[in-house]
Each structure stands twice: as C-alpha cells, then as structure tokens.
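Residue numbers (my numbering): 967 to 1181. Each residue gets a CB set at the ideal place from its N, CA and C atoms; glycine is no exception.
Structure (structure tokens):
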C-alpha cells in the first residue's frame, strides 16, 4: 500500500482549525510488534481549541496531569480514556503550551483489516464499516493505547502519512461536534462526505425517550 510522505512538526504547529480538515485523507500507520502493518485512512476529525473559547476542550481550564500531553510539542499524540471506557486519540496542534488538538474520530481500513477486526473483537463476517467508525473503535482497531500518550506521530512504528501523490480530491463536510455536554454547537467537526466509514451520531436521551413513547 503506497502512502505519501511524512508530516513535519511545522504542519501541526498551525491553528487547529486549519490542520483538522487537512488531515482528512491522510493515513494512520501502525507497525505492530509482530511486524504486521496496519494502515487506515482518516475520514473524520474534530478540532479542540486551547485559547479559552472552547468549553468542550480538555484544556479549557488549564493544564492537569491528564491533559499534559495536549500542551506538548505539535505532532504528538494525546491519548485519554473517555468515561473510563473508550480510548481516544488526538494529534497535538499549534505551538507547545497552547493546548490544542485534533481528535481522530473515524478511519477507513486500508491494510491489515483482519487484524483490525481482531482488535475490535469482531466476527470475521462483521460489516467493515464497524471497524473504525468512531473514536473508540479507531483506537481498538489500530492498537493505540494509553501507553502511546505523548508519542510523536512524525516517524516511528506509529505515525501519520500524507495522502499519496495524485490522490483524487475529497469533499469535506462540517458539522457540530458529537457527544459533548459543552461546546457541542461549535462547527469543529470535519468529515469526508459520502464516506460510509464516518461515524454516526447517536440520538440524545430525549430523542430516544420520545421514540419509545411513539412505538
């Protein structure tokens, strides 16, 4: 599988809202300890700012032991556990100390699909769109863990690669972010329109309750 070249730190040392849509179509690559290479194309991301205007960002109230990596050098991973259940992977953006990052929300499997299914605990015949269509699914499929927190994505066994030269252009959609209690109204979610691997928003509790009452 041919991918493009490496990203540089300067690519990520820019405003988060510029970096986020430009990551669509790029590849997350993980060479596992047994030599198997997993490759997935990024199809959905969310930007989280560190300038004090984004209440949905983990850095909105400043540095903590949990979010320390998000204040680190651009191009590194910020990995955290959401609600104690799902592991989520983010790419740190903007100069060190500003606390901005892009959440990797969904990927399209390209190479190593069988191993990704194993990581997800899926049956062999499970729908391929269930492999990486969500931030928690993505980390399971790609073998990203809390031990990768702070790891550089510029090179090494776990890295990001640019789209291959000559790759066809993509159509980018935007929307509100998903699953937040604060800052959900901000249009900081970017995705590849028409791609089936993009995650689907779950209905709110109120909508689910209304649906049950109508049945």
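Bridge partner(s) assigned by DSSP for residue 1014: Mapped onto the chain shown, residue 1014 falls at position 48. Bridge partners of residue 1014: 1067.
If we ignore side chains and look at the alpha-carbon of each, how far apart do residue 1031 and residue 1129 end up? Your numbering for residue 1031 matches position 65 in the chain shown. Your numbering for residue 1129 matches position 163 in the chain shown. Using only the alpha carbons, I get a separation of about 34 Å.
Report the residue from 1041, 1046 and 1053 whose alpha carbon sits nearest the alpha carbon of residue 1061. The sequence position of residue 1061 within the chain shown is 95, counting from 1. Measuring from the Cα of residue 1061, the nearest candidate turns out to be 1041.
Which whole runs of the alpha helix (DSSP H) in the segment 1066-1141 are 4 residues long or more, in chain order? 1079-1086 and 1101-1108
Express the C-alpha separation of residue 1144 and residue 1068 in angstroms, rounding to a whole number. Taking the chain shown and counting its residues from 1, the one referred to as residue 1068 is at position 102. Taking the chain shown and counting its residues from 1, the one referred to as residue 1144 is at position 178. A direct Cα-to-Cα measurement between residue 1068 and residue 1144 gives close to 14 Å.
Would residue 1003 and residue 1077 qualify as a contact pair, given that the criterion is a beta-carbon distance under 8 Å? By 1-based counting over the chain shown, the position of residue 1003 is 37. By 1-based counting over the chain shown, the position of residue 1077 is 111. Contact flag set, yes.
Please state the DSSP three-state secondary structure of residue 986. Within the chain shown, the letter at position 20 stands for residue 986. Reduced to three states, the DSSP call for residue 986 is helix.
Keeping to the same chain, check which residues put their C-beta closer than 6 Å to that of residue 983; ignore five residues upstream and five downstream. For the purposes of this step, residue 983 is taken as residue 17 along the chain shown, with counting starting at 1. Sequence-distant partners of residue 983 (beyond 5 residues in either direction) whose C-beta falls short of 6 Å from its own C-beta, in its chain, are 1013.
Does the pairing of the segment 1138-1158 with the segment 972-991 give three or more beta-carbon distances under 8 Å? yes
Per DSSP, what kind of secondary structure is residue 979 in: helix, strand or coil? For this step, residue 979 is matched to residue 13 along the chain shown. Of the three classes helix, strand and coil, the one that applies to residue 979 here is coil, per DSSP.
Checking 8 Å against the spacing of the C-beta atoms, do residue 1025 and residue 993 come in under that value? What you label residue 1025 is simply residue 59 of the chain shown in a count that begins at 1. What you label residue 993 is simply residue 27 of the chain shown in a count that begins at 1. No. Outside cutoff.
Cβ-Cβ separation, residue 1072 to residue 1100 (assumed contact under 8 Å), whole Å: Counting from one through the chain shown, the residue named residue 1100 turns up at place 134. Counting from one through the chain shown, the residue named residue 1072 turns up at place 106. Right, the Cβ-Cβ distance comes to about 6 Å (below 8 Å), so this counts as a contact.
On the three-state DSSP scale, how would you describe residue 1034? Stepping through the chain shown from its first residue, residue 1034 is reached at position 68. Residue 1034 falls in the helix class under three-state DSSP.
Going by alpha carbons, who is nearest to residue 1001 out of 1016, 1159, 1122 and 1162? Residue mapping note: residue 1001 aligns to position 35 of the chain shown, counting from 1. Per the C-alpha coordinates, the member of 1016, 1159, 1122 and 1162 positioned closest to residue 1001 is 1122.
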